[in-house]
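As structure tokens, the structure follows; a few thoughts come after it.
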Amino acid sequence: MWLIVVSLSLAALLFYLNVSKRFSYWKNKGIPYSKPIYFLGNFASNVFRIKSFETIVEECYKEFPKSRYSGMYQFRIPVLLIRDPELVKQVTIKDFDVFPEHTRVIPLDAEPLFSKNLFNMLHDEGWHDMRATLSPTFTASKMRAVFTLMRQCSDQFVNYYKQSKGNVSVDLKDAFTRFANDVIGTSAFGVTCDSLTHKNNEFYVMGKALTNFSGLRSLRFFSYTISPFFSKLLRIRILNTKLEEFFKSLIRETLAIRTQKNIIRADMIQLLMEAQRNREQDGQQTHKKNSISDDDITAQALIFFLAGFEVTSTAMTFLAYELALNPEIQTKLYEEISTTLEENSGKITYEAVMSMKYLDRVVSESLRLHAPVPFIDRKSVKPYTIQPDDPSEEPLHLEKGTTVWVPVSSIHHDEQYFPNPMKFDPERFNDDNKHNIKPFTYLPFGSGPRICIGSRFALLEIKLIILQILQHFEIVRDAKTAVPLKPDKTNFNNLPKEGVWVSLKPRILN
Numbered sequence: 001m002w003l004i005v006v007s008l009s010l011a012a013l014l015f016y017l018n019v020s021k022r023f024s025y026w027k028n029k030g031i032p033y034s035k036p037i038y039f040l041g042n043f044a045s046n047v048f049r050i051k052s053f054e055t056i057v058e059e060c061y062k063e064f065p066k067s068r069y070s071g072m073y074q075f076r077i078p079v080l081l082i083r084d085p086e087l088v089k090q091v092t093i094k095d096f097d098v099f100p101e102h103t104r105v106i107p108l109d110a111e112p113l114f115s116k117n118l119f120n121m122l123h124d125e126g127w128h129d130m131r132a133t134l135s136p137t138f139t140a141s142k143m144r145a146v147f148t149l150m151r152q153c154s155d156q157f158v159n160y161y162k163q164s165k166g167n168v169s170v171d172l173k174d175a176f177t178r179f180a181n182d183v184i185g186t187s188a189f190g191v192t193c194d195s196l197t198h199k200n201n202e203f204y205v206m207g208k209a210l211t212n213f214s215g216l217r218s219l220r221f222f223s224y225t226i227s228p229f230f231s232k233l234l235r236i237r238i239l240n241t242k243l244e245e246f247f248k249s250l251i252r253e254t255l256a257i258r259t260q261k262n263i264i265r266a267d268m269i270q271l272l273m274e275a276q277r278n279r280e281q282d283g284q285q286t287h288k289k290n291s292i293s294d295d296d297i298t299a300q301a302l303i304f305f306l307a308g309f310e311v312t313s314t315a316m317t318f319l320a321y322e323l324a325l326n327p328e329i330q331t332k333l334y335e336e337i338s339t340t341l342e343e344n345s346g347k348i349t350y351e352a353v354m355s356m357k358y359l360d361r362v363v364s365e366s367l368r369l370h371a372p373v374p375f376i377d378r379k380s381v382k383p384y385t386i387q388p389d390d391p392s393e394e395p396l397h398l399e400k401g402t403t404v405w406v407p408v409s410s411i412h413h414d415e416q417y418f419p420n421p422m423k424f425d426p427e428r429f430n431d432d433n434k435h436n437i438k439p440f441t442y443l444p445f446g447s448g449p450r451i452c453i454g455s456r457f458a459l460l461e462i463k464l465i466i467l468q469i470l471q472h473f474e475i476v477r478d479a480k481t482a483v484p485l486k487p488d489k490t491n492f493n494n495l496p497k498e499g500v501w502v503s504l505k506p507r508i509l510n
């Protein structure tokens, strides 16, 4: 009996020492750090739905305003939070060979479709080749080709609301999610949807389920951050079987139909199909295994879906909301839209959209004030030393595997970089002022070789739908418009649970 007691006591002591060592990591490094709670790190208030994820990161950022960096804990993981733009440049560009990848939270064999996509792929898993394969999808020439597909969806969107007489109250997040769903469906999967008319179409319902990271799924995700070993042992899944099979089946059918009918489209799936064939031929000649499987294609399609469905629709929501709150900015934007369309004989073309300078400023400012993601992360693949730039600093030695965060939202809201940072002011980005923006303080799509590959696609989609809405409607507040918005603390998108409501007021056109 005493042997069991001693063994358990020893095990408990070793466990405590291990945990204590982990949560003393930054203290032992001698740098300022936000004090953690064991196991939950600095995110206990998010787990218990007291604060949003973004709020916690911003509080940690503001805690040490005179430091170039500070320590914090993403649950059990020590994180270096960098606030100095020069360090952002070092980590994301100059020393990319040291920080070439994101921190993978979910093990590859636990959730392959999440871990094998371009965002989560590690540097030695073929990330560079996959990035090179997908990059042509988002060139300017490809954007011109996909613009026609986007136009069909945006026409569908405005025509749906033009059927209503008088003002129509709209939940922006719901409406833009349906629009984004239709754009992704046609441009990436070759699936035609009309999600405003057919509200429960399967593609939308499955997409909504895929991107819902609140409730039980967020707890499952947190479990991998807290204890990946036990989460994997318990076979905790992020994707349920129904969702996984739906998207696998959709890709299989898409590939089969295109192959059988020799259908060629200017989209991501087509590029992956061609790469799949080319690698199979190369493998036969060189006897090397470097193939792209159907599951690899599904994984890339899923991350494109996640970004387009959730992140892009959220960006549209915040932009339309800001226009409702700032009618003078909306009026100025409408005047530019009217002038541009008049100069183009009323036609909405790719070139017309891209020529609109004020529209670009408005979108840029919305992405500053409401960053698509609160932070970007990098992980070191070799030891690294941050050299001091001040006599009060010591060199900071980082081990291989260290996680570094760039707190994008916090930097965007920092008064030293953006005066009166919470004011929606597109003139920050006009020709006279934009040169005053310090490099590496405006990072809506990230920075360096890991910058968001689909940023061109997202910007075009956002600009097009806002242009067409304002062409036909004025976006106005109504009785359901909340000012300010109260973020849902259970989700990552910083939007209210009850939606973001405005009214679309039809314009009286001559």
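Each step along the sequence shown adds one to the number in full-length UniProt numbering, with nothing skipped, and position 181 is 181.
Every residue gets a Cβ at the ideal spot worked out from N, C-alpha and C, and that includes glycine.
Asked	Found
Helix, strand or coil: which one does DSSP assign to K347?	coil
I need the straight-line Cα distance from I238 to S249, nearest angstrom please.	18 Å
Please list the terminal residues of the continuous alpha helix (DSSP H) segment that includes L255.	T241 to K261
Give the single residue among R507, D488, P506 and I508 whose Cα lies nearest to the Cα of V500.	D488
Could you tell me which residues DSSP puts in a beta bridge with K379?	E101 and T403
Would you mind working out which of S52, F43 and P78 sits nearest residue 512, comparing C-alpha positions?	Because the chain here runs from 1 to 510, residue 512 falls outside it and cannot be looked at.
When the Cα of M150 is compared with those of M130, A180 and L243, which residue comes out closest?	A180
Excluding the 5 residues preceding and the 5 following H287 in the sequence, name in chain order all residues of the same chain whose CB lies nearer than 6 Å to its CB.	Confidence in H287 is poor, its pLDDT being 44 and thus under 50, which makes the residue's placement unreliable; the coordinate value appears in the next sentence. Taken in chain order, the list of residues that qualify is empty.
Just how far apart, CA to CA, sit R330 and R361?	Residue 330 is actually Gln in this sequence, not Arg. Going by the C-alpha atoms only, they are around 12 Å apart.
When the Cβ atoms of the stretch 60 to 80 are set against those of the stretch 31 to 45, are three or more pairs found closer than 8 Å?	yes
Which of the three DSSP states is assigned to M354 in this structure?	helix
Leaving out five residues on either side along the sequence, give the residues of the same chain with a beta carbon under 7 Å from the beta carbon of D296.	K116
If you count every other CB in all the chains shown that lies within 10 Å of the CB of H435, and 16 or more means buried, which is it?	exposed
Is T385 helix, strand or coil by DSSP?	strand
Going by other Cβ atoms of all chains shown within 10 Å of its Cβ, with 16 needed for buried, is S410 buried or exposed?	buried
Find out if the Cβ-Cβ distance for the pair F213, F221 is shorter than 9 Å.	yes
Thinking S154 and L464 are a contact (beta carbons under 8 Å), I'd like their distance in whole angstroms, please.	5 Å
Considering Y73, what are the terminal residues of the alpha helix (DSSP H) in which it resides?	It is not in any alpha helix (DSSP H) - Y73 instead sits in the beta strand (DSSP E) that spans Y69 to Q74.
Determine the contact status of I475 and A275, defining contact as a CB-CB distance below 9 Å.	no
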